[in-house]
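For reference, the structure discussed in these notes is given below.
In the working numbering, the protein residues as written are 231 to 525.
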């Protein structure tokens with residue numbers, strides 16, 4: 231049970247939403263982990279308030295469209311300093327954990343402009359008494375197409391610490407001095423960068439995507455498919471019209487067993503992830519957007 235609980239927050243930490251849960255089935259934290267502590271979360275400005283749409287009178291399904299995704303969207307739907315807070319429900323625990331996702335901002339990363347994204351996950355009592363977890367994930371992604379450049383995992387679980395830095399290299403790119411270098415297909419994202427990339431997609435024009443994702447340990451294929459449009463979603467942050475996206479994960483051509491995800495993106499300018507659901511071997515997880523904290 232403790233082994234599964236270690237996946238609870240990693241999966242719903244958005245960085246780990248798609249594939250880290252599956253990774254931890256095969257690569258749990260070990261006693262040989264790096265003992266260095268993670269860096270503190272970067273400061274960010276006041277978070278934007280998600281737009282709360284009017285109550286819809288009728289919900290309709292949009293006809294599927296077929297088109298290629300835009301590689302360089304004219305404007306990204308998030309801004310530097312955006313902070314999104316989530317509550318995690320699992321089994322009969324209404325508040326098993328919290329997750330915060332931060333678009334820290336753009337910066338120069340090894341001579342190119344990149345976005346720095348960060349996700350922080352923490353278990354809450356009483357789950358914390360069973361499995362103490364304080365994890366942080368950092369993604370450095372290309373400034374426009376959000377292809378992954380570097381993915382960092384700073385894990386603190388049950389008194390053990392692990393720090394892993396993975397460079398995602400293409401072609402003949404030379405490895406840098408820090409971290410582990412892996413060569414990946416051109417369109418590869420990391421799990422956290424993928425969440426932000428999915429927000430840039432026009433799902434009415436592009437109903438399905440297949441994308442390689444490297445989670446810091448292995449390369450996966452993620453199939454993202456729009457299931458419904460104009461879905462009415464209620465979460466603690468308010469009411470939203472949203473698009474429902476299903477996510478299927480496979481590795482080496484084989485689906486990851488007993489694992490499925492659904493993501494609801496607000497149908498507004500920000501395309502905020504408002505709800506995530508995960509069906510996993512240890513049960514169902516529900517991740518819901520929280521209102522911004524009071525000033």
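Using N, Cα and C, we set each Cβ at its ideal position, and we do this for glycine too.
Discussion item. What would DSSP say about residue 493, mapped onto helix, strand or coil?
Written reply: strand
Worksheet item: Which full runs of the beta strand (DSSP E) of 3+ residues lie inside the region 378-435, going along the chain?
Response: 378-387, 390-399, 410-413
Discussion item. Measuring alpha carbon to alpha carbon, tell me which residue in 387, 327, 411 is nearest residue 395.
Written reply: 411
Item to complete: Would you kindly work out how many angstroms separate the C-alpha atoms of residue 428 and residue 407, rounded to a whole number?
Response: 31 Å
Worksheet item: What's the gap between the Cα of residue 491 and the Cα of residue 509?
Response: 6 Å
Worksheet item: Is the beta carbon of residue 346 less than 8 Å from the beta carbon of residue 337?
Response: yes
Fill in: Exposed unless 16 or more other CB atoms sit within 10 angstroms - verdict on residue 378
Buried is the call here.
Worksheet item: Using the rule of at least 16 other Cβ atoms within 10 Å of the residue's Cβ for burial, across every protein chain shown, is residue 387 buried or exposed?
Response: buried
Discussion item. What does the alpha-carbon distance come out to for the pair residue 281 and residue 460?
Written reply: Legend: pLDDT at residue 281 = 39, less than 50; position of this residue unreliable, value from coordinates given subsequently. The C-alpha of residue 460 is placed about 15 Å away from the C-alpha of residue 281.
Discussion item. Quick check: what's the CA-CA separation for residue 470 versus residue 513?
Written reply: Using only the alpha carbons, I get a separation of about 26 Å.
Discussion item. Given a cut-off of 8 Å on the beta-carbon distance, is the pair residue 368 and residue 385 in contact?
Written reply: no
Worksheet item: Thinking C-beta only, is residue 420 closer than 8 Å to residue 398?
Response: yes
Worksheet item: Would residue 525 be called buried (16 or more neighbouring beta carbons within 10 Å of its own) or exposed?
Response: exposed
Item to complete: Measure the beta-carbon distance from residue 422 to residue 349 and round it to whole angstroms, keeping in mind my assumption that it falls under 8 Å.
Response: 5 Å
Worksheet item: For residue 359, which of helix, strand or coil comes out of DSSP?
Response: helix
Discussion item. Between 504, 317, 381, 438, which has its C-alpha nearest residue 355's C-alpha?
Written reply: When only C-alpha atoms are compared, the closest one is 317.
Item to complete: Enumerate, from N- to C-terminal direction, the unbroken beta strand (DSSP E) stretches of 3 or more residues contained entirely within the region 452-523.
Response: Whole beta strand (DSSP E) segments, 3+ residues: 468-481, 490-496, 503-510, 513-519.
Worksheet item: Do you know how far the Cα of residue 501 is from the Cα of residue 310?
Response: 15 Å
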